[in-house]
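A.B. asks: By the count of the working numbering, the sequence shown reaches residue 523 at its end, each step adding exactly one.
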Amino acid sequence: MLASLGVALDDVLYGGLLGLGIIFGWCFRRIKHPTKKKWISTVLGFLLVFAVSGYHVLRPLIVTTVNAFLITICGKKYSHILSFILSFGFLTFFRFSDYFGAPYAPGPVNLINMVLTMRMVGLAFESRDSWLSHKTESKMATSGAKLSEMEEKEPFDVHPGFVDVFHYAFCYVGVLTGPYYRYNTYRDMIDTPFAKYAPCWDATLSRLLLLPFTVTVFVIVNGLFPNKMALTDEFYSNRSVLYRIIFLSISFFNFRMRIYTGVMLSECVCTMAGLGAYPDWCKPRYGMGPTCRWQEVARLGRSPIQAMREKYNFDTVHSVNIWKCEFEPTVRQSMKSWNMTIQYWLAAYVYKRFPIKSLRTTATMFMSAFWHGAHAGYYLCIMSVPPHLVVEDLYVKLFLNNAGPKLRKFLNFMLWFMRMQGFSYMSITFQLLTIEAALRYWGSIYYCYHWILGALYIAGLVVQFRRPKKAVPAASVTHDFHAIDPPKINKTE
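Now the structure itself:
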């Protein structure tokens, strides 16, 4: 039955487990004692991982144990680097385990390890940043700095114990599919009364509004046009080039509906559990949490009476803004609304810390592809984004910045059309995975998007060269990584 609809068994399994997680959140919020809350979330998370992975649960246990040792026992100076190298090393080894004589883990286990890798590396960086922050505060106190100056900065206070690392790693909220959230966010869910007064039901229902639509159209369209069609000889021998070009858009539509469905369910697990609930006035941002007034947030967490009067939101665990993903005109704008908590992690722990500034975007894109998997299709897709950004930024600078209202609408439409066609062209490699299948598809349509992109770039350079310099407006776009700015890190050694 599922096969005839083109729906994978893993998708149904994940949907069912996420649904159970949403239902359990109602009970979880009613657990008053923080210690009980912590252990119940950990035990349930471990059972979910075990239900999905079986004996492969040893893999996340190994990664967590190694990171717990690095974070709590090893010196802080290099623990974050070791965590990064070893966590991604384990992730790579697990993906190629069959080459080393170990059994190959099923797809769901890979996703669990991907989420765990981000949590463990992020925790290692948080712990080190806390260590550096305390050193800086000690120096400020010694030098007679004002208390107000010290309170203006985010108070890093992440000193987990060995067992606490396991609690964070296996917390049932997000353990299967994400989103990424920091250790402080997890700790606030356990210790503060925010979840008790946050609009958990309203936040959950608002995220479920589009679920019937995304599920229905995915099942119908994917049943009619499954991606596996592109792996058959008949697809290339009996279908025209025009059909294969149109199929790109259909395939990308299916891909988006599947991702939107998973993200909405994942966010609902968070909102029903109360994870990521913060007062509006601390301006929480996806992945990061509060961005200001941290001391007030900490005091509010210790005052249930005051917490009752506040208005809360769940922006911290908001991963995808579907409207902006669909209708923003440029790649740069739309990508700010896609997988936002993962983008925060990439920005905070890769982009901002990569030593060579000119290569930061390339390095971040590479790490994104590397995190997604070892298949060449991931790299072909993600590493195709920077060239599109170069062309897009050129045309924004040449034409869009000084355009009038009517011309701007037309140019925005053209940029949107190019973005959607470009993403459709790139995403097919993300779905076909192998280099052979990806290049076969691109070759069957004569690498048309590459030629179009190259022609547009050359034409743009010609216009830029021929146009008087005084008529060329200053670029309003930057070439920084598209994710949000992470918190500033003290660099005192």
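Just so it is clear, CB atoms sit at the ideal spot from N, CA and C, and this is done for glycine as well.
For my contact list, Arg125 and Ala468 are in at a C-beta cut-off of 8 Å; report their separation, rounded to the angstrom.
C.D. replies: Actually they do not touch by this definition, with Cβ atoms about 18 Å apart.
A.B. asks: Check Gly208 in the structure and name its three-state DSSP category.
C.D. replies: DSSP places Gly208 in coil when its eight states are reduced to three.
A.B. asks: Anyone know if the C-beta pair for Cys298 and Thr234 falls short of 8 Å?
C.D. replies: Yes, the pair counts as a contact, with Cβ atoms nearer than the cut-off.
A.B. asks: Taking the alpha-carbon positions, what's the Gln363 to Pro334 distance?
C.D. replies: Approximately 39 Å, taken between the alpha carbons.
A.B. asks: Just how far apart, CA to CA, sit Asp310 and Leu330?
C.D. replies: Each residue's alpha carbon lies about 13 Å from the other.
A.B. asks: Comparing C-alpha positions only, which one of Asn284, Val96 and Gly131 sits nearest to Phe114?
C.D. replies: Considering only alpha carbons, the answer is Val96.
A.B. asks: In angstroms, rounded to a whole number, what distance separates the CA positions of Lys66 and Ala399?
C.D. replies: Going from the Cα of Lys66 to the Cα of Ala399 covers about 38 Å.
A.B. asks: Within the segment 80 to 166, note down every full alpha helix (DSSP H) run reaching 4 residues or more, in order along the chain.
C.D. replies: Whole alpha helix (DSSP H) segments, 4+ residues: 88 to 102 and 106 to 125.
A.B. asks: How would you write the range of the alpha helix (DSSP H) that Tyr479 sits in, first residue to last?
C.D. replies: Unbroken alpha helix (DSSP H) run through Tyr479: Cys478 to Arg496.
A.B. asks: Short check: CB of Val93 to CB of Phe58, under 8 Å?
C.D. replies: No; because the gap between Cβ atoms is not below 8 Å, this pair is not in contact.
A.B. asks: Using beta-carbon positions only, say whether Pro223 and Ile142 come within less than 8 Å of one another.
C.D. replies: In this structure, Ile142 does not lie closer than 8 Å to Pro223 by Cβ.
A.B. asks: Do Gly51 and Tyr202 have their C-beta atoms within less than 8 Å of each other?
C.D. replies: Yes; because the gap between Cβ atoms is below 8 Å, this pair is in contact.
A.B. asks: If you check the beta carbons only, do Cys312 and Val347 fall under 8 Å apart?
C.D. replies: Taking 8 Å as the Cβ cut-off, Cys312 and Val347 do not qualify as a contacting pair.
A.B. asks: Could you round the C-beta distance between Tyr211 and Gly204 to whole angstroms and report it? I think they count as a contact, below 8 Å.
C.D. replies: That belief holds up - the Cβ atoms of Tyr211 and Gly204 are roughly 7 Å apart, short of 8 Å.
A.B. asks: Taking Lys439 as part of the alpha helix (DSSP H), name the residues at either end of that continuous run.
C.D. replies: Counting along the chain, the alpha helix (DSSP H) containing Lys439 begins and ends at Pro435 to Leu462.
A.B. asks: What does the alpha-carbon distance come out to for the pair Asp159 and Met219?
C.D. replies: Answer to the nearest angstrom: the Cα atoms are 21 Å apart.
A.B. asks: DSSP three-state call for Asn343: helix, strand or coil?
C.D. replies: Looking at Asn343 - three-state DSSP - the assignment turns out to be strand.
A.B. asks: Our contact map puts Phe282 next to Ser457 with C-beta atoms below 8 Å; I'd like the distance itself, whole angstroms only.
C.D. replies: Rounded, the Cβ-Cβ distance is 5 Å, consistent with contact.
A.B. asks: Do you know whose CA, among Phe447, Asn343 and Phe396, lies nearest Phe118's CA?
C.D. replies: Per the Cα distances, Phe396.
A.B. asks: Whose CA, out of Phe495, Tyr477 and Tyr379, lies closest to the CA of Leu272?
C.D. replies: Ranking Phe495, Tyr477 and Tyr379 by Cα distance to Leu272 puts Tyr477 first.
A.B. asks: For Val245, which residues from the same chain have a beta carbon less than 6 Å from its beta carbon, with the 5 sequence-adjacent residues on both sides left out?
C.D. replies: Counting only Cβ-Cβ distances below 6 Å, and skipping sequence neighbours, we find Thr291.
A.B. asks: Taking just the CA atoms, how far does Met148 sit from Ile372?
C.D. replies: Distance between the alpha carbons of Ile372 and Met148: 8 Å.
A.B. asks: Looking at Trp368 and Cys355, is the spacing between their C-beta atoms short of 8 Å?
C.D. replies: Yes, the Cβ-Cβ distance between Cys355 and Trp368 is below 8 Å.
A.B. asks: I want to see whether chain B comes within less than 8 Å of Ala81, judged by CB atoms only; does it?
C.D. replies: Annotation note: the requested chain B is absent from the structure, which comprises a single protein chain.
A.B. asks: For the alpha helix (DSSP H) holding Phe255, just list the boundary residues, first then last.
C.D. replies: Looking at the DSSP string, Phe255 is not in any alpha helix (DSSP H), and its letter there is neither H nor E.
A.B. asks: Closer than 6 Å by C-beta to Asp40: which residues in its own chain qualify, once you throw out the five before and the five after it? Chain order, please.
C.D. replies: Taken in chain order, the residues that qualify are Gly137 and Pro138.
A.B. asks: Helix, strand or coil, according to DSSP, for Pro359 in the structure here?
C.D. replies: Looking at Pro359 - three-state DSSP - the assignment turns out to be coil, as it is neither helix nor strand.
A.B. asks: Measuring CA to CA, which of Leu206, Pro417 and Gln461 is closest to Ala406?
C.D. replies: The option with the nearest alpha carbon to Ala406 is Gln461.
A.B. asks: Among Ala260, Phe248, Ser270 and Ala303, which one has its Cα closest to the Cα of Phe285?
C.D. replies: Checked all of Ala260, Phe248, Ser270 and Ala303; the closest Cα to Phe285 is Phe248.
A.B. asks: Just to confirm the assignment, what range does the alpha helix (DSSP H) spanning Met318 have?
C.D. replies: Looking at the DSSP string, Met318 is not in any alpha helix (DSSP H), and its letter there is neither H nor E.
A.B. asks: Is it true that the CB of Val361 sits closer than 8 Å to the CB of His418?
C.D. replies: The answer is yes: Cβ separation under 8 Å.
A.B. asks: What residues in its chain sit with their C-beta under 6 Å from that of Val327, if we drop five residues either side in the sequence?
C.D. replies: Excluding positions up to five away in sequence, the list reads Cys312 and Pro320.
A.B. asks: Taking the beta carbon of Leu63 as the centre, do at least 16 other beta carbons fall within 10 Å, making it buried, or is it exposed?
C.D. replies: Reading the sequence as shown, one finds His at residue 63 and not Leu. Classification for His63: exposed.
A.B. asks: Please state whether DSSP places Pro223 in a helix, a strand or coil.
C.D. replies: Note: Pro223 maps to coil in three-state DSSP.
A.B. asks: Using 8 Å for Cβ pairs, my map puts Ser127 next to Leu278. What's the rounded Cβ distance?
C.D. replies: 33 Å between Cβ atoms; not a contact.
A.B. asks: Helix, strand or coil for Pro242, going by three-state DSSP, please let me know.
C.D. replies: DSSP places Pro242 in helix when its eight states are reduced to three.
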